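> Each protein sequence line maps, in turn, to chains B and H. Its first residue numbered 28, the first sequence is counted upward by one per residue in the numbering used here. Its first residue numbered 11, the second sequence is counted upward by one per residue in the numbering used here. From the three backbone atoms N, C-alpha and C, an ideal C-beta is built for every residue, glycine too. The structure displayed is predicted, hence computed values, not measured ones.
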Amino acid sequence: MSAFIKSLGDLFEKGNQLNLPYYLTPYEQISEMSIWERCKLYNFTFEAGCVIVLLLLLFVFSFGKNTNVNTANKIYGYLNDYLKTEFSTVAFYRKGENTPYVEENSNTFFTSFATGRAYIESVTVRTELLAKFNPLSIFVERLLRYYFAYLFTDAAVENIEITIKPNNVPLNAPVKKLEEPLPSKYSFISAIVSKSCMNKSRVNNYYMGLTQVVESPNLPIEYIFMSESNQLNSIFKKLGSGNDLNTLLKKSSSFLNYLAFTDLPSEKPLTDTEWEKNLEPRCVISTKVTTDPKELKLITELIDFVFTIYEHLSETDMSVVLSGDISKKVKNLRTQELNKIVKTMKEVALEMAKEKKQEDMKKTNPQAEAALLAKRERRKKHRQQKGAM
Amino acid sequence: MNPAVTNIGLMLLMNQFAKRLDMENKDTIFYIRVAFVAMNLITYLVYQYTRMQIIKRNDLTTLKYKEQKSAFQSMSDPNAATDDMHITTHRDYDLGQVDTAIKGMYSSLAMMGFMHLYMGYTQPLLMQSVSPVKGAFESPAVKIHLFGKEAAGALKRPFTAPSMFGGAPKNEEVEAKKEK
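Below you can see the structure in the form of C-alpha cells.
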C-alpha cells in the first residue's frame with residue numbers, strides 16, 4: 028500500500044512541477060507580459076488532460092445513452108406497429124406528439140402501453156436496460172456480483188416484460204360487462220419456463236415459487252411447466268391456436284425466459300389487504316432484450332398466442348379450465364398462503380405491541396422495568412437449574 | 011484416498027522440499043515463480059476446457075436440490091429459511107461448479123500475489139504450485155467432462171464434499187431429482 032501511496036505522491040509532485048518555471052517567474056515580470064506570452068509560459072498539460080478526461084466521459088455518457096435509446100426505438104418501433112393492428116390506442120400522446128414509449132431512470136426503463144381490444148384490457152411492454160452511460164458502475168457491479176452473488180437478490184439483466192391483462196369482454200358486449208369482475212376461471216398459475224432461468228424465475232416471482240416444476244415430453248427440451256396443478260399444463264394446448272406452440276417455443280429458445288399465466292403478485296404480499304389488492308389475472312411474457320426483427324416477430328407471435336388463449340378462455344366454460352379437483356387445489360393453495368401471511372402479520376403485530384409496552388413501561392416507571400428484568404433473569408436461572416437436574 | 015487427507019500429506023511433503031531449497035537465491039525464486047504461473051495456467055486451461063465440454067454437451071436434465079446457506083448469509087438474514095430449493099439443469103450446475111473453482115483460483119492468486127510480492131514470502135508460492143492442479147483434477151465436473159467418468163456414486167449430482175475422516179459425506183443437498 029505504501030508503494031502505491033508513494034507513487035501517487037510522485038505523480039502529484041510531477042504535476043506540481045509542470046508549472047515550476049511559471050511560478051518561479053517574478054510577479055512584476057509576469058505583469059509586464061501580454062496574455063499570449065503568459066499562455067506560452069504556462070504549461071497547460073494538466074488542464075488539457077482534465078479536458079480530455081471530461082470529453083471522454085461526455086462521449087461515454089452520450090454513447091451509452093444513445094445505445095439504450097436506439098435499442099428502445101428498435102423494440103418499440105416493431106412492437107408498437109404490431110400492437111396498432113390489434114388495439115385502438117397504442118403508446119402515448121404527449122405535448123402534442125405521439126411518443127412510442129416513456130423512459131425513466133435516465134434511459135434505463137422504457138414502457139409502452141396499448142388498450143382497446145376485444146377480450147384484452149391492456150398490454151404493457153416494459154424494457155429494462157443496463158445503465159450503459161456509466162460503464163464503471165456496470166463493471167463494479169459485475170465484479171461484486173461475480174464474487175458476492177448472494178448479496179444481490181434482483182436479477183440485474185436486461186429484459187423485456189410484456190404484461191397482457193384480459194377483460195373477458197367480447198367485441199359486441201354491452202358496456203356494463205366492462206365493469207364486471209373477472210370470473211374465477213382466470214385465477215390460476217401456469218407457466219412455461221426456459222430451463223436457463225428456472226431458479227431465477229422462482230426467486231424473482233412470488234407466484235412461481237408456489238408452483239410445481241414438471242418436465243413434459245409435450246414441450247421442447249429447453250422448457251418446463253410450472254403450474255399450480257399438473258392438469259393446468261394442458262391449457263396451452265387446449266386453448267391456444269394459430270401457430271404450433273412447440274415450434275414457436277423452439278424458435279424462441281434463445282431469448283424467451285418464460286410465459287406465465289397468473290393472478291397473484293410478483294412480490295410476496297406482506298398483509299392480507301395487500302394480497303387482496305394485488306390479485307390481478309394476467310399473462311407475463313419475459314424475454315431477453317433483442318433488436319433482431321426475426322426475434323421481435325417471434326415475440327409478436329407469442330403475444331398473439333396469448334390473445335387466442337384469452338379469447339378461447341372467455342368463451343370456454345369454467346369446468347374445462349378449472350375442473351372441480353383443480354379448482355379445489357387452487358383454492359386450497361391460496362388459502363394456505365393467505366393463512367401464512369396472516370400468521371406472520373399477527374406475529375409481527377404481537378412483537379410490536381410487546382416492544383411498545385416495554386417502551387411505555389420504561390418511560391412511566393423505570394423501577395418496574397428493572398424489577399421485570401430481574402424477574403425474567405430469575406426465571407431463566409430457575410429453568411437452567413431445572414434443566415441441569 | 012480422501013482429497014483433504016492427501017492435501018495435508020502434500021503440504022507436509024512440499025514443506026520438507028521447501029526447507030531444502032535456498033529461498034534467498036534469485037534463480038530458485040525465478041524457477042518457483044515459473045512453476046507457480048505454469049501450474050496455475052494449466053489449472054485454468056483445464057477448467058476452461060471442461061467449461062467448453064459442458065457447453066458442448068448441453069445436458070438439460072433437470073436437477074432439484076436444497077442448498078444450505080453460508081454462515082455469512084445466515085448472519086445477514088437469520089429469519090430466512092435455512093434451506094433454499096434450487097432448480098437448475100446439469101449444464102448450469104456443472105458450469106456453476108467450474109465457475110466457483112475458477113473464482114477460488116483468482117482469490118488464491120490474489121492472496122499469493124500479496125504474500126509474495128508485498129510480504130516477500132516465497133515458500134507459499136511453492137506450496138500453492140501443486141494444489142490448484144490437484145484440485146482441478148479431483149473436481150467432480152472435471153472428472154465427468156474431461157475423463158468421461160459416469161456421473162454416479164461419488165460423482166452424482168449434486169456433488170458432495172467428502173468427509174475428512176472417511177465418515178458419511180455431509181449431504182447438504184437432500185433432494186436430487188433427475189428427469190430427462
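Please report the distance separating the alpha-carbon of residue 38 of chain B from that of residue 37 of chain H.
Distance between the alpha carbons of residue 38 of chain B and residue 37 of chain H is about 34 Å.
> Have a look at B:43, B:386, B:351 and B:334 and flag the residue whose alpha-carbon is nearest the alpha-carbon of residue 189 of chain B.
Ranking B:43, B:386, B:351 and B:334 by Cα distance to residue 189 of chain B puts B:334 first.
> Could you check what DSSP says for residue 187 of chain B in three-state terms: helix, strand or coil?
Strand.
> Which runs of the alpha helix (DSSP H) at least 4 residues long sit entirely within the segment 91-174 of chain H? Give them in chain order.
List check, alpha helix (DSSP H) in window: 100-123, 133-148 and 150-155.
> With three or more C-beta pairs closer than 8 Å as the rule, is the segment 132-139 of chain B touching the segment 168-175 of chain B?
No, the segment 168-175 of chain B does not touch the segment 132-139 of chain B.
> Going by DSSP, what residue range makes up the alpha helix (DSSP H) through residue 309 of chain B?
Per DSSP, residue 309 of chain B belongs to no alpha helix (DSSP H); it is in the beta strand (DSSP E), 309-315.
> Can a CB atom of chain B be found closer than 9 Å to the CB of residue 92 of chain H?
With a pLDDT of 45 at residue 92 of chain H, under the threshold of 50, the predicted position of this residue should be treated as unreliable, and no value is reported.
> Could you tell me the boundaries of the beta strand (DSSP E) in which residue 284 of chain B lies?
283-289 is the span of the beta strand (DSSP E), which, as asked, contains residue 284 of chain B.
> At 3 residues or longer, what runs of the beta strand (DSSP E) sit wholly inside the segment 103-174 of chain B?
As far as the segment 103-174 of chain B is concerned, its whole beta strand (DSSP E) runs of at least 3 residues are 119-121, 124-126, 129-131, 136-144 and 147-155.
> Among the candidates B:54, B:162, B:106 and B:104, whose CA atom is the shortest distance from the CA of residue 87 of chain B?
Residue 87 of chain B has its Cα closest to that of B:162, out of B:54, B:162, B:106 and B:104.
> Residue 354 of chain B and residue 146 of chain B: beta carbons closer than 9 Å?
For residue 354 of chain B and residue 146 of chain B, no; Cβs fall outside 9 Å.
> Measure from the alpha carbon of residue 198 of chain B to the alpha carbon of each residue in B:115, B:214 and B:44, then state which is nearest.
Of B:115, B:214 and B:44, the residue nearest in Cα terms is B:115.
> Is residue 66 of chain H close to chain A, meaning its C-beta is less than 9 Å from at least one C-beta of that chain?
Among the protein chains in the structure shown, which are B and H, there is no chain A.
> Cα-Cα, which of B:253, B:118 and B:175 is closest to residue 149 of chain B?
When each option's Cα is compared against that of residue 149 of chain B, the closest is B:118.
> With DSSP collapsed to three states, give me the class of residue 11 of chain H.
Here residue 11 of chain H sits in coil by DSSP.
> Tell me which residue opens and which closes the beta strand (DSSP E) that residue 253 of chain B is part of.
It spans 250-254 - the beta strand (DSSP E) in which residue 253 of chain B sits, taken as one unbroken run.
> For residue 113 of chain B, which of B:140, B:257, B:293 and B:397 has the nearest alpha-carbon?
Nearest of B:140, B:257, B:293 and B:397 to residue 113 of chain B, Cα basis: B:140.
> Let me make sure I understand the geometry here. Which of B:54, B:231, B:89 and B:259 has the alpha-carbon closest to that of residue 351 of chain B?
Checking every option, the nearest Cα to that of residue 351 of chain B belongs to B:259.
> Express the C-alpha separation of residue 79 of chain B and residue 161 of chain H in angstroms, rounding to a whole number.
If you take the alpha carbons of residue 161 of chain H and residue 79 of chain B, they lie about 57 Å apart.
> Can you grab the Cα-Cα spacing for the pair residue 196 of chain B / residue 215 of chain B, in whole Å?
The straight-line gap from Cα to Cα measures roughly 19 Å.
> Can you check whether the C-beta of residue 95 of chain H is within less than 9 Å of a C-beta belonging to chain B?
Closer than 9 Å: yes.
> Does the beta-carbon distance from residue 212 of chain B to residue 345 of chain B come in below 9 Å?
In contact: residue 212 of chain B and residue 345 of chain B (Cβ atoms closer than 9 Å).
> Any idea what DSSP makes of residue 242 of chain B, helix, strand or coil?
Three-state DSSP puts residue 242 of chain B in coil, outside helix and strand.
> Sort H:150, H:47, H:29 and H:140 by Cα distance to residue 120 of chain H and report the nearest one.
Ranking H:150, H:47, H:29 and H:140 by Cα distance to residue 120 of chain H puts H:47 first.
> If the cut is a Cβ gap below 7 Å, which residues of chain H does residue 229 of chain B touch?
The answer, in chain order, is 97.
> Pair every Cβ in the segment 234-245 of chain B with every Cβ in the segment 120-130 of chain H, then say whether three or more of these pairs are closer than 8 Å.
No, because fewer than three Cβ pairs between the segment 234-245 of chain B and the segment 120-130 of chain H fall closer than 8 Å, the two stretches do not touch.
> Is there a C-beta anywhere in chain B that falls below 9 Å from the one on residue 102 of chain H?
Yes, residue 102 of chain H counts as interfacial toward chain B.
> Could you check how far apart the C-beta atoms of residue 263 of chain B and residue 272 of chain B are, in whole angstroms? I think they sit under 8 Å.
With 8 Å as the limit, residue 263 of chain B and residue 272 of chain B qualify as a contact, their Cβ atoms being about 6 Å apart.
> Please tell me whether residue 225 of chain B has its Cβ less than 9 Å away from any Cβ of chain H.
Residue 225 of chain B counts as touching chain H.
> Please name the residue, chosen from B:307, B:349, B:301 and B:394, that lies closest to residue 369 of chain B on a Cα-to-Cα basis.
Checked all of B:307, B:349, B:301 and B:394; the closest Cα to residue 369 of chain B is B:301.
> In chain order, what residues of the same chain lie with their CB nearer than 7 Å to the CB of residue 156 of chain B, ignoring the 5 residues before and after it?
Here the set comprises 95, 98, 135, 185 and 316.
> Answer with yes or no whether the minimum CB distance from residue 234 of chain B to chain H is below 9 Å.
Cβ-Cβ to chain H under 9 Å: no for residue 234 of chain B.
> Give the DSSP-derived three-state secondary structure of residue 341 of chain B in the structure shown.
Looking at residue 341 of chain B - three-state DSSP - the assignment turns out to be helix.
> Using the C-alpha atoms, what's the distance from residue 95 of chain H back to residue 170 of chain H?
One C-alpha to the other measures close to 16 Å.
> Got a sec: which bits of the segment 42-70 of chain H sit with their beta carbon under 8 Å from any beta carbon on chain B, in order along the chain?
Cβ contacts with chain B: 70.
> Check whether the segment 289-296 of chain B touches the segment 64-78 of chain B, counting contact only when three or more Cβ pairs, one atom from each stretch, lie closer than 8 Å.
No, the segment 289-296 of chain B does not touch the segment 64-78 of chain B.
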